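**Q** Residue numbers (our numbering), protein chains in the order written: chain X, 1100 to 1332; chain R, 901 to 1118. We put the CB at the ideal spot given by N, CA and C, even for glycine. Bear in mind the structure is a predicted one, so any value in this text is a computation, not a measurement.
#1: Can you tell me which of the three DSSP states residue 1062 (chain R) falls into?
#2: Count the CB pairs spanning the stretch 1259–1266 of chain X and the stretch 1298–1315 of chain X that are closer than 8 angstroms, and state whether there are at least three.
#3: Buried or exposed for residue 1225 (chain X), going by 16 or more other Cβ atoms inside 10 Å?
#4: Can you give me the C-alpha to C-alpha distance between residue 1032 (chain R) and residue 965 (chain R), rounded to a whole angstrom?
#5: Is the stretch 1279–1290 of chain X close to the stretch 1307–1326 of chain X, with three or more CB pairs under 8 angstroms?
#6: Below 8 angstroms, can you find three or more Cβ-Cβ pairs linking the stretch 914–926 of chain R to the stretch 934–948 of chain R?
#7: Is it true that the stretch 1100–1115 of chain X meets the stretch 1128–1144 of chain X, where meeting means three or more beta-carbon pairs spaced less than 8 angstroms apart?
#8: In chain R, what lies closer than 7 angstroms to residue 1271 (chain X) by C-beta?
#9: Leaving out five residues before and five after residue 1316 (chain X) in sequence, what residues of the same chain have Cβ atoms less than 6 angstroms from its Cβ?
#10: Tell me, please, whether the stretch 1217–1224 of chain X touches the stretch 1238–1254 of chain X by the rule of three or more beta-carbon pairs shorter than 8 angstroms.
#11: DSSP puts residue 1000 (chain R) in a beta bridge; with which residues?
#12: Starting from residue 992 (chain R), find everything on chain X with Cβ-Cβ shorter than 7 angstroms and list it in chain order.
#13: Quick one: which unbroken beta strand (DSSP E) runs of 3-plus residues sit fully inside the stretch 1207–1264 of chain X? Chain order, please.
#14: Look at the Cβ atom of residue 1025 (chain R), then the Cβ atom of residue 1179 (chain X), and state whether they are nearer than 8 angstroms.
#15: When you compare the CB positions of residue 1166 (chain X) and residue 1183 (chain X), do they come within less than 8 angstroms of one another, or not?
#16: Are the C-beta atoms of residue 1204 (chain X) and some chain R residue less than 8 angstroms apart?
#17: Based on Cα-Cα distance, which residue from R:1081, R:1002 and R:1030 lies nearest to residue 912 (chain R)?
#18: So what does residue 973 (chain R) bridge to, in DSSP terms?
#19: Can you pull out the residues from the stretch 934–945 of chain R whose beta carbon lies closer than 7 angstroms to at least one beta carbon of chain B?
#20: From residue 1325 (chain X) to residue 963 (chain R), what distance separates their C-alpha atoms?
#21: With burial defined as no fewer than 16 other Cβ atoms inside 10 Å of the residue's Cβ, what is the status of residue 1045 (chain R): buried or exposed?
#22: With distance defined between alpha-carbon atoms, name the residue in X:1143, X:1127 and X:1174 nearest to residue 967 (chain R).
#23: Note down, in chain order, each residue of its chain lying with its Cβ closer than 8 angstroms to the Cβ of residue 1239 (chain X), except the 5 sequence neighbours on either side.
#24: With 8 angstroms as the C-beta to C-beta threshold (strictly closer), list the residues of the stretch 1266–1295 of chain X near chain R in chain order.
#25: So what does DSSP say about residue 1031 (chain R), is it helix, strand or coil?
#26: Name the chain X residues whose beta carbon is nearer than 9 angstroms to that of residue 1095 (chain R)?
#27: Does the distance from the C-beta atom of residue 1249 (chain X) to that of residue 1100 (chain X) stay below 8 angstroms?
#28: Would residue 1102 (chain R) pass as a contact of residue 1091 (chain R) if the rule is Cβ separation under 8 angstroms?
#29: Of the residues X:1331, X:1139 and X:1230, which one's Cα is nearest the Cα of residue 1119 (chain X)?
#30: Determine, for residue 1179 (chain X), whether the minimum Cβ-Cβ distance to residues of chain R falls below 8 angstroms.
#31: Using CA coordinates, which residue listed in R:933, R:1080 and R:969 is at the minimum distance from residue 1038 (chain R)?
#32: Using a 10 Å radius around the Cβ and a threshold of 16 neighbouring Cβ atoms, would you call residue 1197 (chain X) buried or exposed?
#33: In chain R, which residues lie less than 8 angstroms from residue 1254 (chain X) when you measure between Cβ atoms?
#34: Let's see if you can read the secondary structure: which residues bound the alpha helix (DSSP H) around residue 1285 (chain X)?
#35: Residues of the stretch 974–1000 of chain R in Cβ contact with chain X at a cutoff of 9 angstroms, in chain order, please.
#36: Tell me which residue opens and which closes the alpha helix (DSSP H) that residue 945 (chain R) is part of.
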């Protein structure tokens, strides 16, 4: 067993530098690596390019990094929940690359899978396709998109073991499972870090080979963005 | 009388077919799930990675790890499954999802749709909409016929940045159900109590009107 365990977020993120490109997992505020984001805030790393489906809300998730102007460029598909983000973008302070969600996922997956580029129909005929190669296959038009190149991928899982194997819960698999292994160094934070042998190999979502460092998060707020419920009769 | 949002959702629900996998966008489309015709089996896909989405949870049962693409807390039904975002859009692009229902700011007579950006004013992002409209065979748009200023959103040509080109098949608004044909918008049904003249007046694009236009049954 190759042991990937580190003590905490501080140790896991010790070599993150200013101006690097970082993938951050999760969807909305669900399944985000809360402890690693807190550590990026604490270290005051600046000039970051962040690849993440969303940009958090004003006071949680990547919104915490935006508040402190630590992000130079944001690559995301949907940023509608963050007023500070919208302000920085419209004023030109923040460089933003909006990418169709499926393309964003596939650009991560391509990096994870060692594929430099692929063709997708998403965005053909729109401003997303401007300046990109397009090609016809079987009578339909496609846009060429390239794999991301990131220094770090930071993901969050439900359970992990010291070998770096990961299991996700519910809909938090989303971008966490496609970013694991898609950066030069993948850091996984988990709610529960178990010794090797504790997880059933049949149930592993991401094998440990993709994970360089793993730690158990100190605490999880797990904030809910849109609490929708129905009344009990 | 023009339909309200629920009326639009109810009319769109009648387009569902047994055995359909359906992706619902945020807003009016989400309401469609409440009006599935009795005895029909459809399964809802949410692009953040779930098939077999159920209703909202009971108060107190919300799970931060279980949401839909609108970030709303949800439940799952028996037979549900979870998967990652790449696989989710894989099943969308490979047309395993039978029907996509989404909102729009503008639709044009050749089936173009705009719903993600108002330059200089509002940029929320396209989310999964570009992938969905570029991939789905069957796209129904749920939208309001006119904007708050009274201007038509059913256009000859979209004025806003596009989400997709030549992809929309049907549009249901508070006033009408229209099909997009190679020759443009064809008026198929009018909302209860709404006249054809009112629909023409609220529509910037040309409408193809053949024979008597029936009133929708909701």
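**A** Quick answer:
#1: Taking the first residue of the second chain as position 1, residue 1062 (chain R) is located at position 162. In this structure, residue 1062 (chain R) counts as coil in the three-state DSSP scheme.
#2: Yes, since at least three Cβ pairs between the stretch 1259–1266 of chain X and the stretch 1298–1315 of chain X fall closer than 8 angstroms, the two stretches touch.
#3: As a working note, residue 1225 (chain X) is residue 126 in the first chain. So residue 1225 (chain X) ends up on the buried side.
#4: On the second chain, position 132 is the one that residue 1032 (chain R) refers to. On the second chain, position 65 is the one that residue 965 (chain R) refers to. One C-alpha to the other measures close to 24 angstroms.
#5: yes
#6: Yes, since at least three Cβ pairs between the stretch 914–926 of chain R and the stretch 934–948 of chain R fall closer than 8 angstroms, the two stretches touch.
#7: yes
#8: By one-based count along the first chain, residue 1271 (chain X) stands at place 172. What residue 1271 (chain X) touches in chain R: 965.
#9: Position 217 of the first chain, counted from the first residue, corresponds to residue 1316 (chain X). Answer for residue 1316 (chain X): 1134 and 1288, listed in chain order.
#10: yes
#11: The sequence position of residue 1000 (chain R) within the second chain is 100, counting from 1. In the DSSP secondary-structure assignment, residue 1000 (chain R) is bridged to R:923 and R:1039.
#12: The count along the second chain starts at 1 and reaches residue 992 (chain R) at position 92. Within 7 angstroms Cβ-Cβ: 1201.
#13: Assignment of beta strand (DSSP E) within the stretch 1207–1264 of chain X, counting only whole runs of 3 or more residues, yields 1216–1219, 1233–1236, 1239–1245 and 1249–1260 in chain order.
#14: What you label residue 1025 (chain R) is simply residue 125 of the second chain in a count that begins at 1. What you label residue 1179 (chain X) is simply residue 80 of the first chain in a count that begins at 1. Yes; because the gap between Cβ atoms is below 8 angstroms, this pair is in contact.
#15: The sequence position of residue 1166 (chain X) within the first chain is 67, counting from 1. The sequence position of residue 1183 (chain X) within the first chain is 84, counting from 1. For residue 1166 (chain X) and residue 1183 (chain X), yes; Cβs fall inside 8 angstroms.
#16: For the purposes of this step, residue 1204 (chain X) is taken as residue 105 along the first chain, with counting starting at 1. Yes, residue 1204 (chain X) counts as interfacial toward chain R.
#17: By one-based count along the second chain, residue 912 (chain R) stands at place 12. Closest by alpha carbon: R:1002.
#18: As a position in the second chain, residue 973 (chain R) is number 73, starting the count at 1. BP columns for residue 973 (chain R) point to R:967.
#19: Considering every chain present, this structure includes no chain B. Its protein chains are X and R.
#20: Position 226 of the first chain, counted from the start, is the residue given in the question as residue 1325 (chain X). Position 63 of the second chain, counted from the start, is the residue given in the question as residue 963 (chain R). Their Cα atoms are separated by approximately 11 angstroms.
#21: The residue given as residue 1045 (chain R) occupies position 145 in the second chain. By the neighbour-count rule (16 or more Cβ atoms within 10 Å), residue 1045 (chain R) is buried.
#22: Here residue 967 (chain R) refers to the residue found at position 67 of the second chain. The candidate whose alpha carbon is nearest that of residue 967 (chain R) is X:1127.
#23: Counting from one through the first chain, the residue named residue 1239 (chain X) turns up at place 140. Result list for residue 1239 (chain X): 1220, in chain order.
#24: 1267, 1268, 1269, 1270, 1271, 1272, 1273, 1274, 1275, 1276 and 1277
#25: Counting from one through the second chain, the residue named residue 1031 (chain R) turns up at place 131. It is helical.
#26: Taking the second chain and counting its residues from 1, the one referred to as residue 1095 (chain R) is at position 195. None at all; the shortest Cβ gap to chain X is about 35 angstroms.
#27: By 1-based counting over the first chain, the position of residue 1249 (chain X) is 150. By 1-based counting over the first chain, the position of residue 1100 (chain X) is 1. No, Cβ-Cβ distance for residue 1249 (chain X) and residue 1100 (chain X) is not below 8 angstroms.
#28: In the second chain, counting from the first residue as 1, residue 1102 (chain R) sits at position 202. In the second chain, counting from the first residue as 1, residue 1091 (chain R) sits at position 191. No, these two residues do not count as a Cβ contact at 8 angstroms.
#29: What you label residue 1119 (chain X) is simply residue 20 of the first chain in a count that begins at 1. The shortest C-alpha separation from residue 1119 (chain X) is found at X:1139.
#30: Here residue 1179 (chain X) is taken as the residue at index 80 of the first chain, counted from 1. At a cut-off of 8 angstroms between beta carbons, residue 1179 (chain X) contacts chain R.
#31: Numbered from 1 along the second chain, position 138 holds the residue referred to as residue 1038 (chain R). Checked all of R:933, R:1080 and R:969; the closest Cα to residue 1038 (chain R) is R:1080.
#32: To locate residue 1197 (chain X), count along the first chain from 1; it is residue 98. By the neighbour-count rule (16 or more Cβ atoms within 10 Å), residue 1197 (chain X) is buried.
#33: Stepping through the first chain from its first residue, residue 1254 (chain X) is reached at position 155. Within 8 angstroms Cβ-Cβ: nothing; residue 1254 (chain X) doesn't reach chain R, min ~11 angstroms.
#34: Along the first chain, one-based indexing puts residue 1285 (chain X) at 186. Careful: residue 1285 (chain X) lies outside any alpha helix (DSSP H), inside the beta strand (DSSP E) at 1282–1293.
#35: 974, 976, 982, 983, 984, 985, 986, 987, 988, 989, 990, 992 and 993
#36: Taking the second chain and counting its residues from 1, one reaches residue 945 (chain R) at position 45. Taken as a continuous stretch (DSSP letters only), residue 945 (chain R) belongs to no alpha helix (DSSP H), being part of the beta strand (DSSP E) at 943–946.
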